[in-house]
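Below you'll find the structure, written out as structure tokens, and then a few comments.
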Ligand SMILES: *Cc1c(COP(=O)(O)O)cnc(C)c1O
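Numbering (this note's numbering), first residue to last: 13 to 387.
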């Protein structure tokens, strides 16, 4: 066997022994929350298409029209010839909805973080981030060359301690957190973090990938840097950063993941615009996933859900995988989430609730989970 393969085989065997190896499963989604995994139709609680917009007829129509008119691909980076006029429409709409002066759309949420954070801070600067922040914020922080420190999850005192001890030794300071945490479903204390940023002459950047564009979850401070994705509740693909005119002007000339990567296909941009129109004209749609999540936590006697995401923490990898397999057998897709995505010994089932789930589906899955927890 070539040396490369034998080294990789060893690494794979180690992962397998820890039940930490990941593998791709073919899945097709045909609208609503029904998916097809292999031969088996399943009700999914593992999609981030919270509002069911990826299959909304108006979204599909907008994407199909853009496809027929403008073709399948953008052809170049936005800085070269890929900046289709649809981009300006989408950015205006995003800024309006987030209450900021401007917005910048990127190829994905990952690329938005990867481009923005190193554009804002570098060697000699300080990043202080919540320990549970998404992997792509951590990757971006490391890439930036700034000093990176992490505070205990949602722990304002710890964040303040790190600022007190380190802020003075650095030029610029960026605080990073998520508004809704992707694997725990809880919310960050954004107003308190914004205050800390102000007090220590720093900037706050929030990742709202799992926020649902509901008026109650929008940003309190126009001076924060607000990042998000078009790939989840918006049902399409892409990422964005909202903030001041100056911030956006600067990102468009500095963010490397924007400059050196091909623009999104016009289909994705058109789909996002249509999805944002639907949200604006039916704001009640954004409340439904949280209502469904709360229905589930009530059924199980758990703490009331704070967002559309509800973790059921089981501990061992093996236990989480076994629970996921039982649910699959009974017709439900609930993917097990394991370290390093979540901390050691907190492997879990992660439920993502959609506006498209019915009470009967939630009742059925809750009954199985109850059985699993009391087994
Ligand atoms: C999914 C996710 C991203 C990445 O967004 P994509 O558009 O999928 O690349 C970034 N941050 C958080 C918190 C996420 O959950």
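Ideal Cβ placement from N, Cα and C applies to all residues, glycine included.
Bridge partners - residue i, DSSP secondary structure assignment
i: residue 345; result: 56
i: residue 296; result: Answer by DSSP bridge pairing: none, since residue 296 is not bridged.
i: residue 323; result: 362
i: residue 187; result: 140 and 216
i: residue 199; result: 192
Rounded distance between the beta-carbons of residue j and residue i, thought under 8 Å
i: residue 132; j: residue 178; result: Between residue 178 and residue 132 the Cβ distance is about 17 Å, and since that is not below 8 Å, they are no contact.
i: residue 186; j: residue 217; result: 6 Å
i: residue 163; j: residue 174; result: 6 Å
i: residue 61; j: residue 247; result: 5 Å
i: residue 71; j: residue 65; result: 6 Å
i: residue 251; j: residue 119; result: 7 Å
i: residue 223; j: residue 188; result: Not a contact, Cβ separation roughly 16 Å.
i: residue 96; j: residue 278; result: 5 Å
Beta-carbon proximity check, residue i vs residue j, cutoff 8 Å
i: residue 298; j: residue 107; result: no
i: residue 332; j: residue 339; result: no
i: residue 103; j: residue 117; result: yes
i: residue 128; j: residue 267; result: yes
i: residue 215; j: residue 209; result: yes
i: residue 366; j: residue 348; result: no
i: residue 270; j: residue 237; result: no
i: residue 113; j: residue 257; result: yes
i: residue 283; j: residue 302; result: no
i: residue 8; j: residue 55; result: A question about residue 8 goes unanswered here, because the residues of the chain that appear run from 13 up to 387.
i: residue 317; j: residue 305; result: yes
Extent of the continuous alpha helix (DSSP H) to which residue i belongs
i: residue 173; result: 168 to 178
i: residue 39; result: Element bounds for residue 39: not the alpha helix (DSSP H) but the beta strand (DSSP E), 39 to 41.
i: residue 376; result: 371 to 385
Unbroken beta strand (DSSP E) run spanning residue i, endpoints
i: residue 46; result: 46 to 49
Please give the ranges of any alpha helix (DSSP H) in the stretch 232 to 286, keeping only runs that are unbroken, at least 4 residues long and fully inside the region. 257 to 266 and 268 to 271
Requested in this report: Write down every uninterrupted run of the beta strand (DSSP E) in the stretch 79 to 165 whose length is 3 residues or greater and which is fully enclosed by it, in chain order.
Outcome: 114 to 118, 138 to 142 and 159 to 163
TODO: Report the residue ranges of all beta strand (DSSP E) runs contained in full by the stretch 17 to 41; include only those spanning at least 3 residues, in chain order.
DONE: Runs found: 39 to 41.
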